[in-house]
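Notes for the one structure printed next.
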Amino acid sequence: MSETAKIEIDGKTFEFPVITGTENEKAIDIKKLRGTTNCITIDPGFKNTGSTTSAITYLDGENGILRYRGYPIEQLAEKATFLEVAYLLIYGELPKESELKDFKKSITNHTLVHEDMKQFFEAYPSQAHPMGVLASMVVSLSTFYPESQDPNRSDEAVDLTIHRLLAKLPTLAAMSYKNAVRHPFIYPKNELGYIENFLNMMFAMPTEDYKPNPVVASALNKLLILHADHEQNCSASTVRIVGSSQANLYASISAGISALWGPLHGGANQAVIEMLDKIQEDGGDLDKWIAKAKDKNDPFRLMGFGHRVYKNFDPRAKIIKKAADDVLEQLGVDDPALDLAKKMEKIALEDPYFIDRGLYPNVDFYSGIIYKALNIPSEMFTVMFALGRLPGWIAQWKEMKENKEPIGRPRQIYTGENERDYVSIEKR
Ligand code: CMC
């Protein structure tokens, strides 16, 4: 007999099915809860709520396991290319040679953005944060490809939108950077690989060629893979919920970029470097800053520490810490921020406050140090996260559509005023 869960309300017992995933995770299926009991559940931050079943990414927070479509993150980060991983996430299997060739060719064909988009960039203030620019540019793509707004397009048409987005995000990201530093835009070069092309658009000048350093390209490949998906996090859930209204893919991804921007999510990578700089400028007294992080009356948090799901260690952080050491050594960069970060990690990991709450360095703790060594400015760190996360968002959006999920629309328990009569302004 299949497992069930019983709930007792007002002396009546209701039974609900328990569903089990392929890794034996269990969930009480409460689809019929309100219909049968007239009750809903309350779960701020969705700490205990599964919004969907998904076959994309498996994450075990207790044991620090992360797998894309069954493949361990450690193997993918070591052996795969970012485009292979993108294909894997979006289409479910690692591509065969010919499939990867076609995928790359299609993406390469779509790297250019419409010339009219250049004018949008020029209208932004020079201090515009590249994440704000990127989110606007991505939703703007839907106006250049109005056919993408049809929710009933063929699979081929959806694929074209997916390839366009994968092709154009690095171009738009590099343009948002060039615009911020008031340098001329560099067009994509189709003979270059995905990552090398992005680096070229970021760092070449019309007057001078740029030769992407293979150490830099390889580090970036690894970082993008590590960020490529993370199941139902804040931005992925945003993408799915926006897409569930049948909003087009560009609009859904733009919403995901906005969600990622927040300092509690992807914005933490910029916040970590700013925090480390601030601590250094302040004299480097780590005990003082750790005490601030522990003080409930102080809003300061140790950025790059803690995770909603990982309560033991973040497997991505483990790989990134090692990569930071390797990259800095290979590039001959001596960044005191790395030493400071390591010292901070050591102190925090011995402190009962952090131990008791399961607070460990997350993916963002060391990534900024690598980006800095690759000469990527700190305002671009979260944009780099977005470049990496794009295939995951696309896979989540596609799965939501294929599952024919209903529009996302949580309920609430109302705690406001009961009915009262309108009072005219002179009597208030
Ligand atoms: N520094 C100090 N205390 C912390 C921190 C931190 N970074 N993170 C959590 N806590 C404390 C928090 O105050 C609470 O303490 P108490 O139980 O005494 O009230 C306890 O730990 C649990 O925290 P929470 O905020 O309820 O946990 P959450 O699961 O809602 O939040 C988090 C997860 C990632 C938002 C949070 O740990 C945080 O704000 N970290 C810093 C920002 C950060 O690095 N974000 C990047 C996340 S990884 C990249 C990504 O995928 O987005």
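Under my numbering, the residue at position 85 of the sequence shown is numbered 85, and the numbers go up by one with no gaps. Glycine included, each C-beta is placed from N, C-alpha and C at the ideal position.
| Asked | Found |
| --- | --- |
| Residues near Phe354 by beta carbon distance below 6 Å, same chain, minus five either side | Ala348 |
| Proximity below 8 Å, CB of Leu89 to CB of Asp229 | yes |
| Inter-residue Cα distance where the pair is Asn179 and Ser126 | 7 Å |
| beta-carbon Gly306 near the ligand CMC non-hydrogen atom, thresh 7 Å | yes |
| Beta-bridge partners of Gly60, as assigned by DSSP | According to the sequence as given, residue 60 is Asp; it is not Gly. Asp60 is bridged to Ile65. |
| Ser424 classed as buried or exposed, judged by whether at least 16 other C-beta atoms fall within 10 angstroms | exposed |
| CA-to-CA distance, Leu226 to Ser245, given in whole angstroms | 29 Å |
| Arg357 Cβ short of 7 Å to the ligand CMC heavy atom set | yes |
| Range of the contiguous alpha helix (DSSP H) that encloses Glu281 | 268-281 |
| beta-carbon Asp364 near the ligand CMC non-hydrogen atom, thresh 7 Å | yes |
| Ala293 beta carbon near the ligand CMC (any heavy atom closer than 7 Å) | yes |
| Buried or exposed by the 16-neighbour rule on C-beta atoms within 10 Å, applied to Arg69 | buried |
| One or two residues paired with Pro17 in a DSSP bridge | Thr4 |
| For Phe16 and Arg411, the rounded distance between their alpha carbons | 20 Å |
| Helix, strand or coil at Glu208 [DSSP, three-state] | strand |
| Any non-hydrogen atom of the ligand CMC closer than 7 Å to Asn233 Cβ | yes |
| DSSP-derived helix/strand/coil call for Ile407 | coil |
| Residue range of the unbroken beta strand (DSSP E) whose run includes Ala27 | 26-28 |
| Buried or exposed (CB count within 10 angstroms, at least 16 for buried), Ala395 | buried |
| Secondary structure of Pro125, DSSP reduced to three states | coil |
| Between the CA atoms of Arg308 and Asn48 - distance to the nearest angstrom | 11 Å |
| Three-state secondary structure (DSSP) of Phe305 | strand |
| Cα-Cα separation, Thr4 to Asp29 | 9 Å |
| Whole runs of the beta strand (DSSP E) within the segment 110-193, excluding any shorter than 3 residues | none |
| Cβ distance (whole Å) where Ala167 is taken to contact Ile253 below 8 Å | That pair is no contact at about 13 Å. |
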